[in-house]
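Asks: In the UniProt record's numbering, the protein residues as written are 1 to 481. Glycine included, C-beta positions come from ideal geometry on N, C-alpha and C. None of the values given here were measured: they were computed from a predicted structure. Pasting a structure below so you can have a look.
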């Protein structure tokens, strides 16, 4: 690939020949930090989430991730709290989003390079020419090496440039956004982040699941985590392509086949491909049961959750409840009394009961979920918004329109604080508000909210998704009245 891209560049061709002769995994960071086609192509692949490029570069992703993990073990022995910095140009619209997401989690879909030297990062930021569409930003990241976090390390001794005080964070590192402020003196935005750790309530499940599902030291770990990054940032189609490619490369007895199957099941379910989703999820359950590792019970529970969700969407409500209750039983046996995953299951059980017109049971489960979410999550977390939304659905079904609108508006206000304006959950809330106004025969407002919903759905869902068809039908129905 590098040869094809730099066929008329003798300088780069010489580096490529050197790479072919001398590369080994212990030099991966050295090559990544060197100004070469490898660095440029890998960063392009990560920036664009180009599946073909990512898969071609998977050996380098794996080696960098493993080398960072090895160095991280040495680095954390210092047991210190430090701050690292990064100067960067950021689009103005992204700054606006960040200002609305204070207190939330953010992730970078690349290997994040930072400096221990604030002046160096500031110097880089000052060189950026700001405009109406582009802003100068200084990221300040607090890192507590006494806590268990994702892998990061001071790579000064491994880097091509030994004189730089560079700290590199592994692919998909997650941070809590603390503060976004404009520094008048420096003429730039200062974004303060904290690297999340296992004691962070929002992150505990993610870190634990990642360790369990890919295994410490497993050579496929970095490859699967890349798929997870694509999934978590909402690019489900590319995540699907990536997991499919990885699955084709794995042997049938590889423990990571179950992980790929489960993720493909989740993605297919979210895209409305319900029969395909069930095939993947049921196969994942069989594989997890065959492995019989201690942590597999929670992985099986997660599969049960998604199988229950699929049967719900297929309107097979009793089957859905059967799987969701299996999921809940495992969670109650294996997880703390108040846990975000348990709350999600309670919420979905409430949704099923609402569809069955068992409103009292539905409200009971939603109340349990809402109380649990409020105990374990920040006050503006999107899961709390979802719980409010679902409670509103019950009141809509009961034709208690004012109470339904109250819950929907609470949900919408919280979503606007915690999610981008074109997030699918915002679309769902618009649709719900439209339904209330339609039932109240306020057709002008109903049409307004249905159309807002459709605009967002067309951005985030495939054209054939059933939700797009449903909202299009809603719009046609309202227009015909």
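Consult DSSP for residue 21 and reduce its assignment to one of helix, strand or coil.
Replies: What you label residue 21 is simply residue 21 of the chain shown in a count that begins at 1. Correct three-state label for residue 21: helix.
Asks: Taking contact to mean 3 or more Cβ pairs, one atom from each stretch, closer than 8 Å, check whether the region 80–96 and the region 54–68 are in contact.
Replies: No contact exists between the region 80–96 and the region 54–68.
Asks: Between which two residues does the beta strand (DSSP E) holding residue 154 run?
Replies: Counting from 1 along the chain shown, the entry for residue 154 is found at position 154. Residues 152–154.
Asks: Counting pairs of Cβ atoms below 8 Å between the region 124–141 and the region 175–188, do you hit three or more?
Replies: With contact defined as three or more Cβ pairs closer than 8 Å, the region 124–141 and the region 175–188 are in contact.
Asks: Which term fits residue 153, buried or exposed, when burial requires 16 or more other beta carbons within 10 angstroms of its beta carbon?
Replies: Position 153 of the chain shown, counting from 1, holds the residue named residue 153. Its Cβ being crowded by 16 or more others within 10 Å, residue 153 is buried.
Asks: Determine the direct distance from the alpha carbon of residue 157 to that of residue 72, and round the result to whole angstroms.
Replies: Residue 72 sits at position 72 when you count from the first residue of the chain shown. Residue 157 sits at position 157 when you count from the first residue of the chain shown. Distance between the alpha carbons of residue 72 and residue 157 is about 13 Å.
Asks: Which same chain residues, not among the five before or five after residue 189, have their C-beta less than 8 Å away from its C-beta?
Replies: Looking up residue 189 in the chain shown gives position 189. Shown here for residue 189: same chain residues with a beta carbon closer than 8 Å to its own, the five before and five after excluded, namely 90, 95, 135, 136, 137, 138, 180, 181, 182 and 183 in chain order.
Asks: Assuming residue 277 and residue 334 form a contact by the criterion Cβ under 8 Å, report the distance between their Cβ atoms to the nearest whole angstrom.
Replies: On the chain shown, position 277 is the one that residue 277 refers to. On the chain shown, position 334 is the one that residue 334 refers to. Contact annotation, residue 277 with residue 334: C-beta distance approximately 24 Å; criterion of less than 8 Å not satisfied.
Asks: Where does residue 141 sit, in a helix, a strand or coil, going by DSSP?
Replies: The sequence position of residue 141 within the chain shown is 141, counting from 1. In this structure, residue 141 counts as strand in the three-state DSSP scheme.
Asks: Which class does residue 121 belong to by DSSP, given the choice of helix, strand or coil?
Replies: Walking along the chain shown from the start, residue 121 turns up at place 121. Helix.
Asks: From the DSSP output, in three-state form, read off residue 214 for me.
Replies: For the purposes of this step, residue 214 is taken as residue 214 along the chain shown, with counting starting at 1. Low local confidence applies: a pLDDT of 35 at residue 214 is under 50, so the model's placement there is unreliable, with the coordinate-based value given in what follows. Residue state, collapsed to three classes: helix.
Asks: Do the region 46–53 and the region 104–112 meet, that is, are 3 or more Cβ pairs less than 8 Å apart?
Replies: yes
Asks: Report the three-state DSSP secondary structure of residue 204 (helix, strand or coil).
Replies: Along the chain shown, read from residue 1 onward, the residue named residue 204 stands at position 204. Confidence at residue 204 is low in this model, with a pLDDT of 49, below 50, so its placement is unreliable and the value that follows should be read with caution. Helix at residue 204.
Asks: Candidates 479, 83 and 427: which alpha carbon is nearest residue 467's?
Replies: Taking the first residue of the chain shown as 1, we reach residue 467 at position 467. Looking at the Cα atoms, 427 is the closest of the given residues.
Asks: Write down the C-beta distance between residue 481 and residue 443 rounded to the nearest angstrom, noting that I regard them as a contact closer than 8 Å.
Replies: As a working mapping, residue 481 is identified with position 481 in the chain shown. As a working mapping, residue 443 is identified with position 443 in the chain shown. Contact holds; Cβ gap of about 6 Å.
Asks: Buried or exposed: which applies to residue 320, given that a residue is buried once 16 or more other Cβ atoms fall within 10 Å of its Cβ?
Replies: Position 320 of the chain shown holds residue 320. Flag for residue 320 reads buried.
Asks: Excluding the 5 residues preceding and the 5 following residue 101 in the sequence, name in chain order all residues of the same chain whose CB lies nearer than 7 Å to its CB.
Replies: Taking the first residue of the chain shown as 1, we reach residue 101 at position 101. Taken in chain order, the residues that qualify are 177 and 418.
Asks: Output the residue ranges of the beta strand (DSSP E) runs that lie fully inside the region 329–393 and measure 3 residues or longer, sorted by chain position.
Replies: none
Asks: Please tell me whether residue 121 and residue 115 are closer than 7 Å, where the distance is taken between their beta carbons.
Replies: The sequence position of residue 121 within the chain shown is 121, counting from 1. The sequence position of residue 115 within the chain shown is 115, counting from 1. Yes; because the gap between Cβ atoms is below 7 Å, this pair is in contact.
Asks: Using alpha carbons as the reference points, say which of 412, 401, 405 and 396 lies closest to residue 381.
Replies: In the chain shown, counting from the first residue as 1, residue 381 sits at position 381. For residue 381, the closest alpha carbon among the candidates 412, 401, 405 and 396 is that of 412.
Asks: Between residue 10 and residue 20, what straight-line distance do the alpha-carbon atoms span, to the nearest angstrom?
Replies: As a position in the chain shown, residue 10 is number 10, starting the count at 1. As a position in the chain shown, residue 20 is number 20, starting the count at 1. Their Cα atoms are separated by approximately 15 Å.
Asks: Under the rule that 16 or more other beta-carbon atoms within 10 Å means buried, what is residue 331, buried or exposed?
Replies: Within the chain shown, the letter at position 331 stands for residue 331. Residue 331 sits buried, since 16 or more C-beta atoms from the chains shown fall within 10 Å of its C-beta.
Asks: Specify, as a first and last residue, the run of the beta strand (DSSP E) that residue 406 falls within.
Replies: By 1-based counting over the chain shown, the position of residue 406 is 406. Unbroken run through residue 406 is the alpha helix (DSSP H), 401–418; no beta strand (DSSP E).
Asks: Give a yes or no on whether the C-beta atoms belonging to residue 301 and residue 327 are separated by under 7 Å.
Replies: In the chain shown, counting from the first residue as 1, residue 301 sits at position 301. In the chain shown, counting from the first residue as 1, residue 327 sits at position 327. Closer than 7 Å, so yes.
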